[in-house]
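What follows is a single structure, written as structure tokens, with notes after it.
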Amino acid sequence: MLILNGFSSATLALITPPFLPKGGKALSQSGPDGLASITLPLPISAERGFAPALALHYSSGGGNGPFGVGWSCATMSIARRTSHGVPQYNDSDEFLGPDGEVLVQTLSTGDAPNPVTCFAYGDVSFPQSYTVTRYQPRTESSFYRLEYWVGNSNGDDFWLLHDSNGILHLLGKTAAARLSDPQAASHTAQWLVEESVTPAGEHIYYSYLAENGDNVDLSGNEAGRDRSAMRYLSKVQYGNANPAADLYLWTSATPAVQWLFTLVFDYGERGVDPQVPPAFTAQNSWLARQDPFSLYDYGFEIRLHRLCRQVLMFHHFPDELGEADTLVSRLLLEYDENPILTQLSAARTLAYEG
């Protein structure tokens, strides 16, 4: 085991002026809004040019979340706009794209009507038809194409993002990747990226966990809450051994694929002793944080009870490494945890060798 680098709240207080530390951490000066920001890299192994682009980001103006106050690890998402009020979950709502820009419907023309009805995507046929509406950012900067798919039989909805580099992203295909009102499943507030595929057939697959009552004291002010709305990023799998042109989620909600790399977000299911490498499979149920809180932006309660305790990078080369799941690196997160407000106090990057 090697400790590569790390930071603590005490050392951050000594940093003046900002600089670029070793290990990819970046500290930026306050911009016109006066907010300070920090970026910490996640222990993501390089692949054949297509690996998840994820990092921990801090903003002094950020709210609370699964990484403590101010910190976030944002994945691509599309959400209903809330700056003008609570969404109505009808055609009057506006959507925000992955870059935060308001989306508008693409104009319908004779050669390209909008919306259209689709029964298939490429060579993949669907058991129901979908109404597909094309959107674009109100202010164009990324030149991607967005499609909002709504099932005409069951009402399930998801988004496709066609990037300018040829990569196709699928957002919110299953309920596990949709943040919805537990009392009205059709009231979807956010669609989270669930799968991406390149023109060469390389995939990235994102898995999420739904909030529940594990290790939560359900008495007192926690009694009677429906806390199932929140979604936590759990695993990111990439490096499929065999290329595949089509999205796996077109045909299966749980694709059986040989993945070579898995990034695991641990919320207390494994031990955090730096001297003991954690297992790939979760050993316990996740832990409850001391400062649970709720968000109501979308008109229903989104209750958060979890803190990400560590991020683990596993390789899956059983023939070469002699085991199915090999831990190669780890970002261990430590918190100043209390019932009022939890803050990230230290992060340590560790690497492992056989």
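Per the numbering used here, the very first residue in the sequence shown carries number 45; after that it's consecutive. In this text, a Cβ means the ideal position worked out from N, Cα and C, and glycines have one as well. From a predicted model like this one, the values you see are computed outputs, not experimental measurements.
- One Cα belongs to residue 121, the other to residue 338, and the distance between them is close to 20 Å.
- Between residue 117 and residue 277 a beta carbon distance of about 7 Å is seen, short of the 8 Å cut, so the two are scored as contacting.
- Residue ranges of uninterrupted beta strand (DSSP E) with 3 or more members, entirely inside the stretch 119–183 and ordered along the chain, are 121–124, 147–149, 160–165 and 168–181.
- Between the beta-carbon of residue 260 and that of residue 326 there is about 17 Å, and that puts the pair past the 8 Å contact cut.
- Within the DSSP bridge table, the entry for residue 228 names 225 as partners.
- Between residue 96 and residue 307, the CB-CB gap stays under 9 Å.
- Taking C-beta atoms as the reference points, residue 309 and residue 359 fail to come closer than 9 Å.
- Residue 355 is classed as buried because its beta carbon has at least 16 other beta carbons within 10 Å across all chains shown.
- Residue 156 and residue 221 have their alpha carbons spaced roughly 30 Å apart.
- The DSSP-derived three-state label of residue 303 is strand.
- Counting every other CB atom within 10 Å of its CB across the protein chains shown gives residue 225 a total of 16 or more, marking it as buried.
- Going by C-alpha positions, residue 187 is about 13 Å away from residue 150.
- Rounded to the nearest whole angstrom, the C-alpha separation of residue 391 and residue 378 is 6 Å.
- For residue 191, the enclosing beta strand (DSSP E) stretches over residues 189–195.
- Between the stretch 273–290 and the stretch 314–325, the count of Cβ pairs shorter than 8 Å is below three; the stretches do not touch.
- DSSP places residue 310 in the strand class (E or B) of the three-state scheme.
- Taking a C-beta distance under 9 Å as the contact criterion, residue 148 and residue 175 do not qualify as a contact pair.
- In this chain, the beta strand (DSSP E) harbouring residue 380 covers 370–380.
- Looking from the CA of residue 163, the closest CA among 196, 115, 202 and 357 belongs to 196.
- DSSP places residue 76 in no alpha helix (DSSP H); its state is neither H nor E.
- Across the set 345, 296, 387 and 328, the C-alpha of 387 shows the shortest separation from the C-alpha of residue 334.
- For residue 317, there is no enclosing alpha helix (DSSP H), as DSSP marks it with neither H nor E.
- Across the set 189, 229, 381 and 313, the C-alpha of 189 shows the shortest separation from the C-alpha of residue 214.
- The residue among 98, 83 and 84 with its C-alpha nearest the C-alpha of residue 90 is 98.
- Taking the Cα positions, residue 198 is about 24 Å away from residue 140.
- The secondary-structure analysis by DSSP pairs residue 330 with nothing; it has no beta-bridge partner.
- Residue environment for residue 239: buried (at least 16 other C-beta atoms within 10 angstroms of its C-beta).
- Per DSSP, residue 363 is one residue of the alpha helix (DSSP H) stretching across 362–365.
- No Cβ-Cβ contact shorter than 9 Å links residue 275 with residue 345.
- Residue 158 and residue 328 have their C-alpha atoms spaced approximately 49 Å apart.
- By the neighbour-count criterion, in which 16 or more other beta carbons inside 10 Å mark a residue as buried, residue 100 falls on the buried side.
- Between residue 85 and residue 395, the C-beta spacing is not below 9 Å.
- For a cut-off of 8 Å, the C-beta gap from residue 311 to residue 330 is around 4 Å, short enough to register as a contact.
- With contacts defined as CB atoms closer than 9 Å, residue 273 and residue 124 fail to qualify as a contacting pair.
- Between the alpha carbons of residue 109 and residue 365 lies a distance of about 36 Å.
- According to DSSP, residue 217 shares a beta bridge with no other residue.
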